[in-house]
Every structure is written in C-alpha cells, then in structure tokens.
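Engineer: Dropping the structure in here first, questions after.
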Amino acid sequence: MKTLLLFNFFGPEMLVVFFAILLLFGGKKIPELMRGIGKGISEFNRARSAVEHELKEGMKEEERKKTLPKSTEEEA
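Quick note on the numbering used here: the sequence shown kicks off at -16 and runs consecutively.
Structural data, given as structure tokens:
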C-alpha cells in the first residue's frame, strides 16, 4: 500500500517546480522572495521561542507555589 506524501518532490519534479517559479517571478525577484520567506521564518521561530520560555517560567512558578510550606503562605 502506497502512502501519499505531501510535497514529496525528487529529481524531475523539482526541476519543473524550479522552472515554474523562475518563470513566475523572474530571476531578480527570487532572491527578494527568499529573503522575505527567511525573515518570516526567523520571526516565527523567535515568537515560538518566547512563548515556550513564558510557558516554562509559568510552570516553574506554579511548582514553587505548590512546594511552599503552608506556614510561609500564611505569614505573607
């Protein structure tokens, strides 16, 4: 049974896709397009990293609250 893989391009298919992109955008626009895609990906990764950091800090704070003795909480 064959599985369908999305974007599974090899050999001749990659050449066809490359030439189609070249025809659509032209040689001068491709570096500009790739630069924009790269900036978008790096911005996404920075945002993802910030969210992960916030979640980890929140989880650490919850753990600290759980491990505090009750007498310390009553004094505060």
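C-beta: ideal position from N, C-alpha, C; glycine also.
Just so it is clear, the structure is predicted and the values come from calculations on it, not from any experiment.
#1: One question on the structure: do residue 16 and residue 8 come within less than 8 Å of each other, judged by their Cβ atoms?
#2: Following a CB-centred definition, is residue 9 positioned closer than 7 Å to any heavy atom of the ligand FAD?
#3: Does DSSP put residue 28 in a helix, in a strand, or in coil?
#4: For residue 13, which residues in the same chain have their Cβ closer than 8 Å to its Cβ, ignoring the five residues on either side in sequence?
#5: Alpha carbon to alpha carbon, what distance is there between residue 45 and residue 31?
Structural biologist: If we stick to the structure as given:
#1: yes
#2: By its list of ligands, the structure shown contains no ligand whatsoever, and the ligand FAD lies outside what it can speak to.
#3: helix
#4: 4 and 5
#5: 21 Å
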